[in-house]
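Those letters in the sequence shown? Residues 42 to 323, by our numbering. Think of the CB as a built atom: it goes at the ideal place given N, C-alpha and C, for glycine as much as any other residue. Computed from a prediction, not measured in an experiment: that's the story for all the values here. All remarks here apply to the structure that follows.
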Amino acid sequence: MKAMSPLEELRHSCSHVLATAVLRLYPETQLDIGPPTDNGFYYDIDLDKKLDASDLEAIEAEMKKVIKENQRFTRIECSREEAVEKIKECGQERYKLGRLDDVPEGEQVSFYQNGEFIDLCAGPHVGYTKKIKAFKLLSIAGAYHRGDEKNKQLQRIYGTAFPNKEELAEYLERMEQARARDHRKLGKELKLFHIDEAVGSGMVLWTPNGAVLRTELQNFIADELGKTGYDQVYTPHIGKLGLYRTSGHFPYYKESQFPPVVESGTVEELAQQGCSCADLSN
42 MKAMSPLEEL RHSCSHVLAT AVLRLYPETQ LDIGPPTDNG FYYDIDLDKK
92 LDASDLEAIE AEMKKVIKEN QRFTRIECSR EEAVEKIKEC GQERYKLGRL
142 DDVPEGEQVS FYQNGEFIDL CAGPHVGYTK KIKAFKLLSI AGAYHRGDEK
192 NKQLQRIYGT AFPNKEELAE YLERMEQARA RDHRKLGKEL KLFHIDEAVG
242 SGMVLWTPNG AVLRTELQNF IADELGKTGY DQVYTPHIGK LGLYRTSGHF
292 PYYKESQFPP VVESGTVEEL AQQGCSCADL SN
């Protein structure tokens with residue numbers, strides 16, 4: 042059994058309550074995995090119906106019913122052969138059989154059951170569903186099975202849980218403030234920059250407003266560096282290949298950067314690190 046903090050146990054248990062609710066509302070759902078995360082939990086599901094915000098509300102309401110039932114989390118240990126049969130009995134073989142294969146040889150195979158729901162799981166969990174006092178489903182996103190784009194894209198339901206409603210409210214408020222300060226949101230609203238596919242994906246075009254802000258930030262950083270004794274230098278963006286061989290950078294970047302430029306028999310490369318030229322500026 043993997044060691045977890047009390048908060049991780051709580052969130053892990055909440056992911057099982059989520060799966061319980063999803064199967065009640067959409068019995069045809071195929072489940073993959075539902076671990077706790079640093080900020081909450083998620084469960085990856087395979088469902089033909091594309092879920093939206095209104096579906097999250099319905100799932101959340103069903104989760105509250107499961108919690109109110111105060112279902113006990115029970116650990117069930119079994120052999121691999123018995124595990125295969127349990128997975129098939131639940132009709133969850135599409136992904137769970139593969140997850141069973143991930144369990145290392147010699148490690149105990151286990152399931153956890155709460156109410157009518159049973160899931161392949163190493164645990165641990167809280168004792169009863171009523172231990173879950175404060176939770177919230179947050180969003181839905183696409184996620185490839187096992188993170189491989191060659192596999193089917195599943196629906197990932199994100200949520201979070203805390204020991205009490207006060208901590209949950211504080212977290213949700215922080216998330217709301219972070220969204221309000223998101224540079225992508227502010228960039229559009231304040232017309233600071235934009236991206237044009239004619240230039241290239243991720244290539245930022247600074248507007249006059251953005252250029253002013255960028256200049257102010259650069260000046261602020263330069264002033265702060267000056268206060269701590271740093272001097273600024275400016276170096277070329279390209280240099281001779283021999284320089285980067287001497288500095289030792291070339292072997293680490295040669296497979297992942299743009300091809301070299303050959304001019305009058307001289308091979309030049311994009312600067313791989315600023316320090317190579319900066320050392321020569323003193």
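Helix, strand or coil at residue i [DSSP, three-state]
i, result
"Ser180", "strand"
"Tyr169", "strand"
"Gly200", "strand"
"Asn260", "helix"
"Leu321", "coil"
"Val302", "strand"
"Tyr153", "strand"
"His235", "strand"
"Lys281", "strand"
"Ala102", "helix"
"Asp93", "coil"
"Tyr275", "coil"
"Ala175", "strand"
Extent of the continuous beta strand (DSSP E) run through residue i
i, result
"Asp85", "82 to 87"
"Thr307", "307 to 311"
"Gly228", "From DSSP, Gly228 is part of no beta strand (DSSP E) but of the alpha helix (DSSP H) over 224 to 230."
"Asp160", "158 to 161"
"Val245", "245 to 247"
Buried or exposed (CB count within 10 angstroms, at least 16 for buried), residue i
i, result
"Val107", "buried"
"Met244", "exposed"
"Phe152", "buried"
"Leu321", "exposed"
"Phe158", "buried"
"Ser46", "exposed"
"Ala312", "buried"
"His57", "buried"
"Phe114", "buried"
"Leu64", "buried"
"Leu246", "exposed"
N- and C-terminal bounds of the alpha helix (DSSP H) containing residue i
i, result
"Thr18", "Within the shown structure, residues of the chain are numbered from 42 to 323, placing residue 18 beyond reach of any answer."
"His57", "47 to 66"
"Ile74", "Here Ile74 belongs to no alpha helix (DSSP H), and DSSP marks it neither H nor E."
"Lys206", "206 to 221"
"Asp79", "It is not in any alpha helix (DSSP H) - Asp79 carries neither H nor E in the DSSP assignment."
Contacts around residue i, its chain only, beta-carbon distance under 8 Å, and the 5 residues preceding and following it disregarded
i, result
"Pro301", "Leu282, Val308, Glu309, Glu310"
"Ser120", "Val150"
"Ser242", "Ile236"
"Ile324", "The shown model of the chain, from 42 to 323, leaves out residue 324, and the question about it has no answer."
"Ala99", "Leu66"
"Ile279", "Val302, Glu309, Glu310, Leu311, Ala312"
Other residues of its chain near residue i: CB distance less than 7 Å, five sequence neighbours each side excluded
i, result
"Glu101", "Leu178"
"Lys171", "Ile108, Asn111"
"Leu254", "Leu233"
"Tyr285", "Phe291, Glu310, Gln313, Ser317"
Beta-carbon proximity list for residue i, same chain, < 6 Å, skipping 5 on both sides
i, result
"Gln194", "Gly183, Tyr185"
"Arg197", "Tyr83, Asp85, Ala182, Ala184"
"Gly156", "Gln112"
Quiz item: Does the stretch 45 to 52 come within contact of the stretch 163 to 171, defined as at least 3 CB pairs closer than 8 Å?
Solution: yes
Self-check item: Stretch pair the stretch 216 to 232 + the stretch 248 to 256: three plus CB contacts closer than 8 Å
Solution: yes
Quiz prompt | Inter-stretch contact at 8 Å, needing at least 3 Cβ pairs: the stretch 134 to 141 / the stretch 61 to 74 | solution = yes
Practice problem: Say whether the stretch 179 to 188 touches the stretch 82 to 97, bearing in mind that this needs 3 or more beta-carbon pairs closer than 8 Å, one atom from each stretch. | Solution: yes
Quiz item: Do the stretch 282 to 301 and the stretch 264 to 272 make contact, defined as three or more Cβ pairs closer than 8 Å?
Solution: no
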